[in-house]
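A.B. asks: Mapping to my numbering: the sequence shown position 66 is 87, numbers consecutive.
Positions of the beta carbon are idealized from the N, C-alpha and C atoms, including for glycine.
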Amino acid sequence: MHINKAIPDAIVSSYLGGQWYAPDDGATAIKSAVTGEVIAHAGHNACDADLILNYAKKVGGPELRSLTFHDRAKLLKHLALYLSEHTAALTELAFHSGATRSDSKIDIDGGIATLFVFASKGRREMPDETIFPDGDMEQLSRKGTFVGQHVYTSRPGVAVHINAFNFPVWGMLEKLAPTILSGMPAIIKPATATSYITEACFRLIVDSGILPPGSVQLIAGRTHTLTDHLTPQDVVTFTGSAQTAGIIRNSLNVSDLTIPFTAEQDSLNATLLGSDIEPDTVDFEIFVNEVVKEMTTKAGQKCTAIRRIMAPPAISRHLIEAINAKLADLTIGDPSLDSTDMGALVSDRQRNDVLAVSQQIEKHAANVSHPKITETLRDLPGAYLCPILYWCEDPDHASDIHQLEAFGPVATVMPYRNMTHAFELLNRGQGSLVASIVTHDPELAREAVLHSAPWHGRLYFNNHLSSAEATGHGSPMPHMVHGGPGRAGGGEELGGVRAVKHYMQRTALQGPPDLLQP
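In structure tokens, the structure reads:
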């Protein structure tokens with residue numbers, strides 16, 4: 022391995038109450054996904070909830086709420102510009118997580134780009150004020166002396182962001198941007214496996230001095246009893262497994278006090294090749310490229326990655342051959358090399374979890390992966406796993422295919438009889454973040470929206486007319502909502518100013534017009 026050991030044994034500290042706290046004997050060892058060596062330690066036994074919450078609510082909150090939306094937007098822009106100067110160093114760290122340069126561009130550059138978007142939207146779509154009107158005044162009386170007005174105001178609480186391992190920078194910044202714009206301080210809890218990357222980015226935020234004191238804090242390791250001390254004015258967001266989301270959602274404090282809780286969790290995202298698309302066409306190639314990209318970007322460790330692939334039965338074999346041909350040509354290995362197409366999974370534990378789920382999938386589907394793919398991994402240390410492609414001939418009677426997510430480079434091809442059947446298969450995942458369809462048929466697209474939109478947070482259509490500028494099946498854009506119903510968590514993030522409103526309170530005001538003017 023030629024990887025640059027940027028962090029031979031890093032200390033991942035917490036930033037609480039305006040001070041840094043190094044890990045203690047309760048710390049967790051973190052291993053490089055590429056070499057298997059211990060590269061960092063994170064976590065501590067003590068986590069003073071009163072210290073953390075008081076610092077956020079008594080120091081950070083008042084300062085942020087004193088600023089207008091435009092002032093907060095300017096802070097985000099300055100922060101984005103500052104972080105843009107340090108992307109190279111963050112990319113070097115991310116190699117240890119198995120992320121290639123292109124993977125890190127999505128994570129690091131994508132996170133910074135999200136800051137820029139929210140900064141722009143805050144200035145263009147929100148007032149230079151501290152109260153955000155929602156819609157026009159409503160006339161509630163015949164002569165107009167008594168009216169109504171909906172407004173959004175900043176909550177006097179704190180947002181607790183519990184993030185996943187796969188996007189240690191974007192996952193932090195995409196939640197932080199609307200939180201700061203809303204006037205709310207944030208407490209960030211990164212996943213331990215990649216917390217050394219999050220902490221490096223967080224240190225840059227603190228060192229920049231751009232955000233007011235108390236605006237942001239970082240918990241490396243366990244949160245202990247933090248959620249037990251939250252109030253109804255606080256907000257909790259979570260990205261990760263459905264099991265953990267359920268524990269947080271059903272905890273007594275969050276449940277009893279109806280604390281706002283947003284979850285983005287397991288999602289068996291699907292893609293569908295329209296019945297109007299023929300093999301050996303540009304659109305067929307677009308479909309194949311999307312599948313391969315989603316299977317291998319971040320080694321398939323994306324909440325939006327394609328897990329299920331639907332195609333007409335007459336061309337399914339042709340599709341499998343086309344996907345395998347591209348997978349077989351990929352270079353899997355050292356993520357620090359420009360020639361590498363796919364790096365390692367984040368840890369041995371994650372690889373073992375993917376393999377365990379894959380064994381369950383194999384009870385209902387045949388492994389049709391190209392033999393050449395496996396040969397490339399024989400001598401590689403670390404948490405590497407070759408892409409696995411399955412063929413499920415009878416998806417109607419293979420419930421595990423639609424219920425089990427292998428969070429890695431694994432996907433299953435399945436046939437559909439007609440478009441009605443195709444939409445049924447799309448929806449069998451019981452709620453996803455995204456489903457994509459390659460087609461030229463407007464009627465097919467309309468039917469997809471009518472039958473499948475309620476089951477998916479995003480529907481992504483593509484063909485050769487849009488492919489040059491299309492953002493990709495698996496790329497959430499800050500302008501559009503990111504989330505999904507059912508097993509996807511039932512929440513929403515991003516979506517421009519919509520995301521800011523999640524951290525604010527909407528109140529109906531009633532009274533004389535002169536008292537309710539903005």
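Taking only three categories from DSSP, how would you classify residue 273?
C.D. replies: In the structure shown, residue 273 sits in a helix (DSSP, three-state: H, G or I).
A.B. asks: Give the DSSP-derived three-state secondary structure of residue 540 in the structure shown.
C.D. replies: Residue 540 is absent from the structure shown; the chain starts at 22 and stops at 539.
A.B. asks: Within a Cβ cutoff of 6 Å, which residues of the same chain sit near residue 526, ignoring the five residues on either side of it in sequence?
C.D. replies: Cβ neighbours of residue 526 beyond the five flanking positions: 174, 176.
A.B. asks: Do you know whose CA, among 495, 41, 70, lies nearest residue 322's CA?
C.D. replies: Comparing Cα-Cα distances from residue 322 to each of 495, 41, 70, the minimum goes to 495.
A.B. asks: Using a threshold of 8 Å, state whether the C-beta atoms of residue 206 and residue 257 are closer than that.
C.D. replies: No. Outside cutoff.
A.B. asks: For residue 293 and chain C, any beta-carbon pair shorter than 8 Å?
C.D. replies: The structure shown has no chain C; it contains just one protein chain.
A.B. asks: Select from 64, 416, 251, 37 the residue whose C-alpha is nearest the C-alpha of residue 47.
C.D. replies: With distances taken between Cα atoms, residue 47 lies closest to 64.
A.B. asks: Would residue 163 be called buried (16 or more neighbouring beta carbons within 10 Å of its own) or exposed?
C.D. replies: So residue 163 counts as exposed.
A.B. asks: Tell me which same chain residues have a C-beta within less than 7 Å of the C-beta of residue 520, skipping the five on either side of it?
C.D. replies: Only 199, 514 meet the Cβ criterion.
A.B. asks: Assuming residue 378 and residue 411 make a contact with CB atoms under 8 Å, what is their CB distance in whole Å?
C.D. replies: Not confirmed; about 11 Å, so no contact.
A.B. asks: Let me make sure I understand the geometry here. Which of 367, 459, 444, 371 has the alpha-carbon closest to that of residue 115?
C.D. replies: Residue 367 is the option with its Cα nearest to residue 115.
A.B. asks: From the DSSP output, read off the bridge partner residues of residue 42.
C.D. replies: Its beta-bridge partners are 35.
A.B. asks: Measuring alpha carbon to alpha carbon, tell me which residue in 147, 108, 111, 101 is nearest residue 136.
C.D. replies: Measuring from the Cα of residue 136, the nearest candidate turns out to be 101.
A.B. asks: Compare the C-alpha of residue 522 against each of 171, 109, 538 and name the closest.
C.D. replies: Nearest C-alpha to residue 522: 171.
A.B. asks: The alpha helix (DSSP H) spanning residue 528 covers which residue range?
C.D. replies: Segment 525 to 532 is the beta strand (DSSP E) holding residue 528; no alpha helix (DSSP H) there.
A.B. asks: Kindly indicate which three-state DSSP category residue 329 falls into: helix, strand or coil?
C.D. replies: Of the three classes helix, strand and coil, the one that applies to residue 329 here is strand, per DSSP.
A.B. asks: Might you give, ordered along the chain, the residues of its own chain that have their beta carbon closer than 8 Å to the beta carbon of residue 168, omitting 5 neighbours on each side?
C.D. replies: Within the same chain, residue 168 has close Cβ partners 158, 159, 160, 161, 162, 531, 532, 533, 534, 537.
A.B. asks: Tell me whether residue 97 sits in a helix, a strand or coil according to DSSP, three-state version.
C.D. replies: DSSP places residue 97 in helix when its eight states are reduced to three.
A.B. asks: In three-state DSSP terms, what is residue 75?
C.D. replies: Note: residue 75 maps to helix in three-state DSSP.
A.B. asks: Using the Cα positions of residue 284 and residue 441, report the straight-line distance between them to the nearest angstrom.
C.D. replies: Rounded to the nearest angstrom, the two C-alpha atoms are 30 Å apart.
A.B. asks: Take residue 432 as the anchor and find which of 517, 341, 415, 360 has the nearest alpha-carbon.
C.D. replies: Minimum Cα distance to residue 432 is reached at 341.
A.B. asks: Quick one: using the 10 Å Cβ neighbour count with 16 as the cut-off for buried, is residue 165 buried or exposed?
C.D. replies: By the 10 Å Cβ count, residue 165 comes out exposed.
A.B. asks: What did DSSP end up calling residue 482 once you bin it into helix, strand or coil?
C.D. replies: Strand.
A.B. asks: Who pairs with residue 387 in a beta bridge, going by DSSP?
C.D. replies: Answer is 412.
A.B. asks: So for residue 65, helix, strand or coil by DSSP?
C.D. replies: DSSP places residue 65 in coil when its eight states are reduced to three.
A.B. asks: Find the nearest neighbour of residue 267 within the set 111, 354, 508, judged by alpha-carbon distance.
C.D. replies: When only C-alpha atoms are compared, the closest one is 508.
A.B. asks: Tell me which residues share the same chain as residue 80 and place their Cβ nearer than 7 Å to its Cβ, disregarding the 5 neighbours each side in the sequence.
C.D. replies: Answer for residue 80: 234, 235, listed in chain order.
A.B. asks: Could you spell out the range, first to last residue, of the alpha helix (DSSP H) harbouring residue 52?
C.D. replies: From DSSP, residue 52 is part of no alpha helix (DSSP H) but of the beta strand (DSSP E) over 49 to 52.
A.B. asks: Assuming contact is defined by CB atoms lying nearer than 8 Å, are residue 35 and residue 185 in contact in what I supplied?
C.D. replies: Going by C-beta atoms, residue 35 is not nearer than 8 Å to residue 185.
A.B. asks: Among 472, 459, 471, which one has its Cα closest to the Cα of residue 486?
C.D. replies: It is 459 whose Cα lies nearest to the Cα of residue 486.
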